[in-house]
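Residue numbers (the working numbering): 4 to 390.
Dropping the structure here:
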């Protein structure tokens with residue numbers, strides 16, 4: 004009589020038992036950490052929770068995109084730090100993308116000098132630690148500039164010194180919300196016209212006349228709204244008052260240093276992604292375009308780049324994520340970003356380490372997931388569509 008099979012010889016039961024054991028170990032580990040954290044907080048008389056965000060911060064912040072004073076709450080300080088991080092990340096991505104694409108194309112140039120300059124830049128910048136480059140821009144370049152009274156000036160309206168860059172400000176006299184909506188209307192209108200013209204060309208082969216001027220709507224619509232609503236502009240020129248400049252727009256050296264370091268460093272990696280994407284396109288595509296009589300610039304713009312983007316976009320997403328997360332190095336030069344303001348000053352003043360770190364991690368995770376979501380959508384949009 005054959006013996007019944009043992010339970011441990013059943014692959015399904017064995018796999019279930021192993022997964023259950025792993026789940027128990029992970030759950031026990033998490034429970035130990037949580038219990039230990041709660042016990043330590045109680046022993047040190049630190050109240051848990053997020054109520055501290057409503058308490059007054061009591062410290063100033065050098066760069067604020069929204070109204071903020073020392074009497075503002077810790078929650079307001081969190082918003083200021085988040086916006087400062089977002090500001091340097093968005094501008095840095097824009098600058099790094101343009102510079103990276105330019106360098107990647109330049110490295111493949113038939114001009115020997117241009118190709119070598121791009122190669123040297125890429126190899127040097129991407130092999131020097133980002134923190135050292137940040138210190139170079141901050142201490143060796145911007146902090147070495149003259150004092151405010153000896154500022155470098157441009158036509159006596161823009162000034163550069165070791166405290167930052169000061170330029171004239173254009174102050175709008177009127178409803179800025181309506182003007183902002185008009186800009187949005189111009190952008191949407193230009194996009195819709197371009198999309199219609201592209202669909203028309205693909206379906207009928209007909210080229211819609213005047214579509215090249217559609218981007219002008221981005222400027223024409225706001226100008227018309229400005230004139231129709233009888234708005235006004237007032238220029239405010241910075242001037243030396245006391246020990247510094249007052250009026251106009253200013254960029255603190257910490258922001259400029261961080262932006263330059265992040266942009267130049269990330270651009271070197273983007274350039275290599277662009278170069279590899281272009282090299283991935285078959286040479287037969289270029290030869291066919293030349294046989295049709297296309298010039299080098301149209302070949303690159305209409306034939307090579309659209310196909311190379313399918314290879315460039317996935318690693319490009321990683322570079323965008325790296326730039327956003329690398330902005331946390333701002334704490335090294337006291338730029339008031341999320342880490343410096345919230346995970347630094349606020350944490351030291353409140354002692355709410357668990358809550359502060361949890362909020363900071365959640366914000367960076369959300370930024371990364373949102374960036375990935377947008378880039379994955381664009382990647383699907385650029386993917387080949389099989390018939």
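In this text, a Cβ means the ideal position worked out from N, Cα and C, and glycines have one as well. Since the structure is predicted, the reported quantities are computational estimates derived from the model, not experimental observations.
Our contact map puts residue i next to residue j with C-beta atoms below 8 Å; I'd like the distance itself, whole angstroms only.
i	j	result
residue 84	residue 341	4 Å
residue 262	residue 101	Not a contact, Cβ separation roughly 13 Å.
residue 293	residue 302	7 Å
residue 137	residue 330	At roughly 10 Å, the Cβ-Cβ gap does not stay under 8 Å, so residue 137 and residue 330 are not in contact.
residue 204	residue 210	6 Å
residue 269	residue 386	Actually they are not in contact, since the Cβ atoms of residue 269 and residue 386 sit about 24 Å apart, beyond 8 Å.
Using C-beta distances below 7 Å, list every residue in its chain close to residue i, excluding the 5 sequence neighbours before and after it, in chain order.
i	result
residue 134	332 and 335
residue 62	73 and 348
residue 198	none
residue 193	217, 218, 220 and 221
Near residue i, which residues of its chain fall below 6 Å by C-beta distance, leaving aside the five closest residues on each side in sequence?
i	result
residue 4	Bear in mind that a pLDDT of 46 at residue 4, under 50, signals an unreliable position, so the number given afterwards is only what the model happens to contain. None.
residue 60	75, 77 and 80
residue 271	125, 128 and 129
Spatial neighbours of residue i within its chain, please: CB distance less than 8 Å, with the 5 preceding and 5 following residues excluded, ordered by chain position.
i	result
residue 359	345, 346, 349, 350 and 353
residue 236	173, 174, 175 and 176
residue 21	none
residue 295	none
Cα-Cα, which of the options is closest to residue i?
i	options	result
residue 265	241, 152, 217 and 140	140
residue 66	166, 27, 15 and 298	166
residue 243	23, 282, 156 and 199	156
residue 144	184, 51 and 163	163
residue 161	183, 196 and 240	240
residue 86	99, 69 and 98	69
residue 257	64, 56, 24 and 20	64
residue 112	128, 98 and 277	277
residue 36	357, 371, 47 and 370	357
residue 188	224, 367 and 105	224
With respect to the alpha helix (DSSP H) encompassing residue i, which residues constitute its N-terminal and C-terminal limits?
i	result
residue 154	Unbroken run through residue 154: none, as it is neither H nor E.
residue 143	Premise fails: residue 143 is in no alpha helix (DSSP H) and is neither H nor E.
residue 332	Per DSSP, residue 332 belongs to no alpha helix (DSSP H) and is neither H nor E.
Grab the span of the beta strand (DSSP E) containing residue i for me, first residue to last.
i	result
residue 244	242 to 244
residue 164	161 to 164
residue 248	247 to 249
Original post:
Are at least three pairs of beta-carbons, each pair with one atom in the region 246 to 263 and one in the region 163 to 172, less than 8 Å apart?
Top reply: Segments in contact, yes.
Subject >> the region 145 to 161 in contact with the region 219 to 232 per 3-pair CB rule at 8 Å >> reply: no
Original post:
Would the region 274 to 293 and the region 313 to 321 be scored as touching if the rule is three or more Cβ pairs under 8 Å?
Top reply: yes
Subject >> Touching by the beta-carbon criterion (3+ pairs, under 8 Å), the region 323 to 330 and the region 371 to 388 >> reply: yes
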